[in-house]
Each structure stands twice: as structure tokens, then as C-alpha cells.
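Line by line, the protein sequences give chains W and U. Number 150 in numbering that gives the first Met the number 0 belongs to position 151 of the first sequence; there are no gaps in the numbering. Number 121 in numbering that gives the first Met the number 0 belongs to position 122 of the second sequence; there are no gaps in the numbering. Glycine included, each C-beta is placed from N, C-alpha and C at the ideal position. Small disclaimer: the values here were computed from a predicted structure and weren't measured. Scroll down for the structure; my scribbles are underneath it.
Number of protein chains: 2
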Amino acid sequence: MADYSILYSYFEHINKQPLTPEEMAEIHRVFRKNTYKKKTMVMKAGEANTLHYYIEKGLLRMYIIDQNGKEFNILFARERQWIGDLGTPAETPYFIETVEDSIVYSISEENFHTLYKRYIALANYIRKSYVFLQKRFVSILSKTAEENYEELVNDYPGLLQRLPQYQISSYLGVTPVFLSKILAKRAKKD
Amino acid sequence: MADYSILYSYFEHINKQPLTPEEMAEIHRVFRKNTYKKKTMVMKAGEANTLHYYIEKGLLRMYIIDQNGKEFNILFARERQWIGDLGTPAETPYFIETVEDSIVYSISEENFHTLYKRYIALANYIRKSYVFLQKRFVSILSKTAEENYEELVNDYPGLLQRLPQYQISSYLGVTPVFLSKILAKRAKKD
DNA sequence: GAAAAAAAATAAACTAGTTTAAGAAAAATA
DNA sequence: TATTTTTCTTAAACTAGTTTATTTTTTTTC
């Protein structure tokens, strides 16, 4: 039987106390554990009733494809983070794909909603996500791509090393060519 | 005594049933009603423990001033909408100012948190805000200013009429000069 | 470990959006 | 209603970032 201990420990963490056997059983029942190879599509634009994903291991990205076929990374999520379209159950415009081989737990919106009535701290994940997105939004709106790249390097040096450059440029909202230019300029300085 | 009926009707709406007298009393106790003249600053960057605001009448904007002193509008909120920094109680980087004469109810984070344990639907305001911001983020990231302006016109024609043009340009993340150019181009087409 | 495929770098011509400045129009105030 | 202040427009020179194309480097696969 699959090992759910990472998931239990997350709930114990947000719950701030050990789980009862019944709570464990419920969690085991409402989440499904899956393993995906690198570059596997986990969620697809156009789907409704999409799932929420909690990551045990690996790295995933959520992205959108615009009217010109260009991809924009909305979010990266790694170990012990959530990823999913909070707009569910409405039809999602986003894709989610693994960047590395990954192990994730998935849960339906219905069950997720039930859980966050019980674990109010879970509602905090949404709030934290909002604050994070708002900060990023302001950065994209008000700063140059070069400044945004510096911010990434400072805040998430470990994450950058796990991503190909063109995925980073897509997260910054610039072309790979332009990011390459920024890096060349940076390299000269040192 | 101040009239809180608009606020009560909001809670009845999210609660999906009439409020008890006790609930009304609690709401009356935790919210404070205020009237502000146009262009009054309601929240200031640098403050901690900022409040959440529910608007009965008028129009407010939340904005940030970047390192070059330039303003960027993050959010407009009007009748029957919330505005505030969800990052509270941390020190806020944002300002909130009235765009029109306004009547607002304010509530502390502590009381707000208590309420959203009771009215789970209130947590939904945060979630909806997230979905809204994500959509806007994608637009700013992937579309031209002209396309973003068209989107605004389609989605919020009434709101635009209540805002000076330079406030709209700041919301779109472009200079007033550039928005004026877009409008001139648009006017020619018709 | 050679071959193929994917990712990154470089260059040149281009475009969306900025900056500065000056004048025109609209709104607020005396 | 005249005056002052605020907002909007227009224009010209500029810059951040794009596009397309070619080459080099790195990674994957057989």
C-alpha cells in the first residue's frame, strides 16, 4: 500500500497537532498518489473540475498558451507545495506539466473544500498564494526583466538551477533570446 | 446610530440565511463605518496591522509607489466590494485612496479572521480575488496594452467612466502618454 | 561514444512602450 | 466668468524587449 506519510506530516504541520487514525483514514481516502515522468501533462486547458495537487517530490509548472501559441509560466511548485487552478470547478485555461520526475497527491475540489472547512489553516494556503501572486504581479508590472531576474536569483537560487533557461524566461514574461542577453550582460559585470 | 443595513445584507447574502440579532450585534461591533472625501488616503505603505474595507458607496484604489516614485494601481474596488492588503498583519507596501467620496466599513485582521471561521463563504472572497488577479496577471504578461484596454472596456465599461484616464493607464501598467496614443488610434477606426 | 535532438548564444532589424516637452482642453475654484 | 489647476493630446527622440535566422553548446539517446 502506498506510503502517505509525507501528506500526513503536512496535515499535522498545518493542524498543529497529531492526526487521529480517523483523520488519517479520511486523508488517505480523499487523496490519490501518483508518480509521473518528467514532461508529463497532468492538467490540460479545457478541462473542468480539475484537481488540486500537493507535491511530495519533483517540480511542476502551470502555464497558459496565448492566442499566438506562446507559453507563459504562471507558477512553479516543488516539494511540499500545492499547485492547481483555484478557479476550479470552472473550465481551466491552464496546463500543468511535470518539469522533473515527480510524486504528487491529488484531490478533487469537492473534497478539498470539505477539508478546508475542517483545517482552516488550509484556507491560508490560498491567502498566501494570493499575497505571493500580488507581489509578483507588482514586480512584473513595475520592474524591468533584468530586475525581475535578479529578484528570482536572490529569492529562489535553488529553484533556478532546476529549470532550463527558456522556462525561466517564460516565467519572467520575456523571450529566451532576451534572457540570454541579460545573462550575457550580467556575466560581463563579474 | 449609524445604519449598517448594507453590511448586514452582505452577510445575509454570503450566509444564505437571515442573521440572528446576536450575529448582527457582533457585526456591528467589529466593523466601523466611515465616510471619506474624494482623494483621501485610507491606508498608507509602511503601516502594519492594516484593515480590510468593505465598500458601501464610492470607489477606492490600492496602489504602490515604485523605487522611481511611479504609481501603479493594483486594484480598484467599488460598491459591495472588498479592498485591503491580504498580506496583513505584515507591514504593507500599498496605499489605499478614495477616488470618489466614499462610505466604507473597516475591520481588523483579527476580527476578520474570526469571521471567516464562522462564515466560510468569506474565505471565498479571497479565493475569488486570487482567480481574478491571476487572470489579470496573465493578461498583463501576455497581451499588449491595447488588448488589455479592450478587455477593460468590455468587462468594466461602467468603471472606466468613473476613472480619470491616467488612473486607467496606471492600472494597465503603461504611461498616460501611451494610453492616449492607443485611444487616438482607436478613435480613428470608428 | 557517435549521432541526433534540444537548449543557449549572438547578431541585426524591428516594434511596443517611455521620456521629455509643449500646447490644448477640461475641470475646479475664486 | 475669469483664473488657476488638473488632465489630456501630440510629437520626436529614445530604450526595453521581440523576431527571425544562424551558429555553438549541452543533453539525450541509441
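{"query": "Please list the partners that D100 of chain U has in chain W, where partner means a Cβ-to-Cβ separation under 7 Å.", "result": "Those within 7 Å of D100 of chain U in chain W number zero; the least Cβ separation is about 27 Å."}
{"query": "Closest to Y170 of chain U by C-alpha separation, out of W:E55, W:P17 and W:V137, would be which residue?", "result": "W:V137"}
{"query": "So, is the C-beta of A122 of chain U closer than 7 Å to a C-beta in chain W?", "result": "yes"}
{"query": "Once you ignore the five residues that flank V29 of chain U on each side, which residues in its own chain have a CB closer than 6 Å to its CB?", "result": "I106 and N110"}
{"query": "Alpha carbons only, please: which of W:A24, W:R31, W:L85 and W:K15 is nearest the one belonging to E108 of chain W?", "result": "W:L85"}
{"query": "Cβ closer than 7 Å: which chain U residues qualify as neighbours of Q160 of chain W?", "result": "Result: empty, since nearest Cβ-Cβ is about 24 Å, beyond 7 Å."}
{"query": "Report the option in U:R79, U:P88 and U:I64 whose CA atom is closest to the CA atom of I73 of chain U.", "result": "U:I64"}
{"query": "Does S105 of chain U come out as helix, strand or coil in the three-state DSSP assignment?", "result": "strand"}
{"query": "According to DSSP, is N48 of chain W helix, strand or coil?", "result": "coil"}
{"query": "Report the three-state DSSP secondary structure of G83 of chain W (helix, strand or coil).", "result": "strand"}
{"query": "Can you pull the DSSP bridge partners for A76 of chain W?", "result": "W:L59"}
{"query": "Select from U:Y7, U:R185, U:T49 and U:T174 the residue whose C-alpha is nearest the C-alpha of H27 of chain U.", "result": "U:Y7"}
{"query": "Less than 7 Å between the beta carbons of F94 of chain U and K43 of chain U, yes or no?", "result": "yes"}
{"query": "In or out: A122 of chain U buried (at least 16 other Cβ within 10 Å) or exposed?", "result": "buried"}
{"query": "Using beta-carbon positions only, say whether A47 of chain W and E90 of chain W come within less than 7 Å of one another.", "result": "yes"}
{"query": "Please report the residue range of the beta strand (DSSP E) in which M42 of chain W lies.", "result": "M40 to M42"}
{"query": "With DSSP run on the structure shown, which of helix, strand or coil describes T19 of chain W?", "result": "coil"}
{"query": "If we call anything under 7 Å between Cβ atoms a contact, is I54 of chain U one with Y118 of chain U?", "result": "no"}
{"query": "Please list the residues of the region 131-149 of chain U that have a C-beta atom closer than 7 Å to any C-beta atom in chain W, keeping them in chain order.", "result": "L132, Q133, F136, V137, I139, L140 and S141"}
{"query": "Considering just the uninterrupted stretch of the beta strand (DSSP E) at F94 of chain U, what are its terminal residues?", "result": "F94 to T97"}
{"query": "What separation, rounded to the nearest whole angstrom, lies between the Cα atoms of L158 of chain W and I167 of chain U?", "result": "35 Å"}
{"query": "Check this for me: beta carbons of I102 of chain U and T34 of chain U, under 7 Å apart or not?", "result": "yes"}
{"query": "Pull up the distance between the alpha-carbon of M23 of chain W and that of W81 of chain W, whole angstroms please.", "result": "19 Å"}
{"query": "Which two residues bound the contiguous beta strand (DSSP E) that contains Y124 of chain U?", "result": "It is not in any beta strand (DSSP E) - Y124 of chain U instead sits in the alpha helix (DSSP H) that spans I119 to S141."}
{"query": "Helix, strand or coil: how does DSSP classify N67 of chain U here?", "result": "coil"}
{"query": "Taking C-beta to C-beta, are A144 of chain U and V173 of chain U nearer than 7 Å?", "result": "yes"}
{"query": "For the alpha helix (DSSP H) that contains Y170 of chain W, what are its first and last residues?", "result": "Q164 to L171"}
{"query": "I want to see whether chain U comes within less than 7 Å of G172 of chain W, judged by CB atoms only; does it?", "result": "yes"}
{"query": "Run the CB neighbour count on V41 of chain U, radius 10 Å, all protein chains shown included, and call it buried at 16 or more, exposed below.", "result": "buried"}
{"query": "Taking Cβ positions only, does K221 of chain W come closer than 7 Å to chain U?", "result": "Nothing can be reported for residue 221 of chain W: it is not among the residues displayed for chain W, which extend from 0 to 189."}
{"query": "How many whole angstroms separate the CB atoms of F75 of chain W and L50 of chain W, which I take to be in contact at a CB cut-off of 8 Å?", "result": "Not really, about 18 Å apart at Cβ, beyond 8 Å."}
{"query": "Only counting the same chain, and skipping five residues up and downstream in sequence, which positions put a Cβ closer than 6 Å to that of I5 of chain U?", "result": "E55"}
{"query": "Counting only beta-carbon separations shorter than 7 Å, does F71 of chain W have a partner in chain U?", "result": "yes"}
{"query": "Does Y62 of chain W come within less than 7 Å of chain U when only Cβ atoms are used?", "result": "no"}
{"query": "Who are the neighbours of R126 of chain W on chain U, taking C-beta pairs under 7 Å?", "result": "L85 and I125"}
{"query": "As a quick exercise: from U:A120, U:K134 and U:K37, pick the residue whose alpha carbon is nearest that of D154 of chain U.", "result": "U:K134"}
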